[in-house]
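Residue numbers (my numbering): 1 to 368.
Shown next as structure tokens:
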């Protein structure tokens with residue numbers, strides 16, 4: 001392992017003994033890792049960003065565990081975590097009540113950020129997040145049907161409803177937007193239209209059921225990490241780990257697909273199969289979060305763009321930095337939400353709405 005400033009291949013490029021790549025000078029310090037079968041480059045800046053985000057996650061998570069009806073100071077939280085012989089009441093509060101919420105915030109943020117990176121790379125557009133193109137609304141619609149129509153309110157049934165709703169929405173958007181070739185602009189516009197239609201159907205369902213069911217669905221629809229424990233965290237973590245591992249190859253194929261279908265095909269990548277696989281994995285990540293915590297909006301939109309700017313990457317599909325960025329955003333947002341006594345979804349919508357307005361203004365300014 002060494003630090004290299006010579007002309008190198010793009011970060012994350014993988015070569016084998018019988019493969020060669022054309023060197024590209026990025027002007028960045030990179031750590032070269034080589035084995036007998038694989039060689040890869042990791043930008044030093046990405047490592048520094050990941051370490052900084054990890055510190056933010058830990059600090060914000062510890063701080064959030066001091067907030068609640070049972071007052072616990074920062075030092076007591078740290079002692080409860082590192083010292084098994086500390087006050088048993090405080091350890092119960094920290095480990096059984098508050099730690100699962102922080103871990104869920106990390107998981108939800110990482111999953112949403114990775115989904116956002118997948119869809120933004122797929123559409124080659126910073127607006128191509130599941131919040132905008134309707135896949136999040138599809139997952140929400142599926143859970144709403146499970147909760148208020150079929151009256152199946154367990155985590156597993158909500159997860160199934162979110163996955164089916166998201167996949168059907170993705171298939172519908174894909175079919176309507178696919179006209180000979182896939183246009184990112186057409187995909188976003190069709191997604192916005194499908195999202196509006198599903199939002200109207202959801203509203204119609206809520207006004208057609210009893211007040212109690214409508215209030216239950218509305219409370220869940222605000223997006224909250226409260227009352228989530230290890231019973232939901234363990235299966236969600238297993239599914240997240242499986243989907244993340246299966247989606248790792250997309251970190252190499254999607255940036256190539258961003259160069260265009262012809263270039264991807266010339267390099268041995270099937271554009272259609274890659275898009276379909278990416279959409280399935282992205283929807284699965286969104287469904288995972290929606291089933292557990294409800295719709296936590298705009299993390300999938302903002303996290304990949306923030307990560308891309310922090311690491312100065314040329315693609316939003318930087319797996320580890322993107323996931324850490326999303327985790328940091330949700331952990332900090334949840335801490336703020338607890339301070340002002342609102343669901344975390346309210347905080348992310350407020351901040352994300354401002355970010356979306358700035359993003360639209362910036363894109364308009366570049367075109368004029």
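All residues carry an ideal CB built from backbone N, CA and C; glycine is no exception. Owing to the predicted nature of the structure, the values given are computational and were not obtained by experimental measurement.
Unbroken alpha helix (DSSP H) run spanning residue i, endpoints
i: residue 119; result: 99 to 123
i: residue 143; result: 135 to 144
i: residue 46; result: 44 to 64
i: residue 81; result: 74 to 82
i: residue 251; result: 250 to 257
i: residue 260; result: No alpha helix (DSSP H) holds residue 260; DSSP gives it neither H nor E.
i: residue 298; result: First-last for residue 298: undefined, no H or E at that position.
i: residue 333; result: 319 to 340
i: residue 128; result: Segment: none, residue 128 is in no alpha helix (DSSP H) and carries neither H nor E.
i: residue 147; result: Neither: residue 147 is in no alpha helix (DSSP H) and is coded neither H nor E.
i: residue 90; result: 88 to 92
i: residue 218; result: 211 to 221
i: residue 271; result: 271 to 293
Residue i vs residue j beta-carbon contact at 8 Å
i: residue 115; j: residue 334; result: no
i: residue 254; j: residue 278; result: yes
i: residue 173; j: residue 194; result: yes
i: residue 185; j: residue 243; result: no
i: residue 260; j: residue 344; result: no
i: residue 118; j: residue 187; result: no
i: residue 57; j: residue 327; result: yes
i: residue 108; j: residue 346; result: no
i: residue 348; j: residue 53; result: no
i: residue 217; j: residue 154; result: no
i: residue 98; j: residue 75; result: no
Backbone CA spacing between residue i and residue j [nearest angstrom]
i: residue 148; j: residue 283; result: 22 Å
i: residue 356; j: residue 89; result: 43 Å
i: residue 248; j: residue 50; result: 17 Å
i: residue 10; j: residue 32; result: Low confidence applies here, because residue 10 scores a pLDDT of 45, under 50, leaving its location unreliable and the question unanswered by this model.
i: residue 198; j: residue 191; result: 10 Å
i: residue 208; j: residue 92; result: 42 Å
i: residue 102; j: residue 64; result: 8 Å
i: residue 85; j: residue 66; result: 19 Å
i: residue 212; j: residue 315; result: 45 Å
i: residue 245; j: residue 210; result: 42 Å
i: residue 142; j: residue 151; result: 12 Å
i: residue 238; j: residue 337; result: 27 Å
i: residue 231; j: residue 70; result: 22 Å
i: residue 78; j: residue 72; result: 10 Å
i: residue 94; j: residue 340; result: 20 Å
i: residue 353; j: residue 329; result: 14 Å
i: residue 267; j: residue 202; result: 43 Å
i: residue 82; j: residue 236; result: 25 Å
i: residue 12; j: residue 251; result: Note that residue 12 scores 43 on pLDDT, short of 50, meaning its location in the model is unreliable and no value can be drawn from it.
i: residue 365; j: residue 204; result: 38 Å
i: residue 270; j: residue 262; result: 10 Å
i: residue 196; j: residue 351; result: 21 Å
i: residue 313; j: residue 273; result: 25 Å
i: residue 227; j: residue 323; result: 24 Å
i: residue 124; j: residue 303; result: 15 Å
i: residue 369; j: residue 297; result: Only positions 1 to 368 of the chain appear in this structure, which leaves residue 369 out of reach.
i: residue 24; j: residue 128; result: The pLDDT assigned to residue 24 is 47, lower than 50, so where the model puts this residue is not dependable; a value taken from the coordinates is nonetheless given after this. Roughly 28 Å separates the two Cα atoms.
i: residue 87; j: residue 96; result: 14 Å
i: residue 200; j: residue 30; result: 49 Å
Cβ-based neighbour list, residue i, same chain, cut-off 6 Å, excluding 5 preceding and 5 following
i: residue 214; result: 206
i: residue 60; result: 331, 332, 335
i: residue 220; result: 294
i: residue 370; result: Residue 370 lies beyond the stretch modelled for the chain, which goes from 1 to 368, so this question has no answer here.
i: residue 308; result: 316
i: residue 170; result: 135, 279, 283
i: residue 146; result: 152, 157, 158, 161
i: residue 264; result: 256, 257, 271
i: residue 80; result: 86, 90, 91, 94
i: residue 177; result: 186, 187, 190
Spatial neighbours of residue i in its chain, beta-carbon cut-off 8 Å, leaving aside the 5 residues before and after
i: residue 286; result: 111, 112, 115, 130, 135, 136, 139, 162, 166, 300
i: residue 311; result: 43, 45, 46, 49, 318, 321
i: residue 275; result: 122, 174, 182, 257
Those residues which DSSP pairs with residue i across a bridge
i: residue 232; result: According to DSSP, residue 232 bridges with nothing at all.
i: residue 305; result: Its beta-bridge partners do not exist; DSSP assigns none.
i: residue 314; result: According to DSSP, residue 314 bridges with nothing at all.
i: residue 153; result: BP columns for residue 153 are empty, so no partner.
Own chain residues within Cβ distance below 7 Å of residue i, not counting five before or after
i: residue 18; result: Bear in mind that a pLDDT of 44 at residue 18, under 50, signals an unreliable position, so the number given afterwards is only what the model happens to contain. Taken in chain order, the list of residues that qualify is empty.
i: residue 240; result: 107, 111, 288
i: residue 164; result: 142
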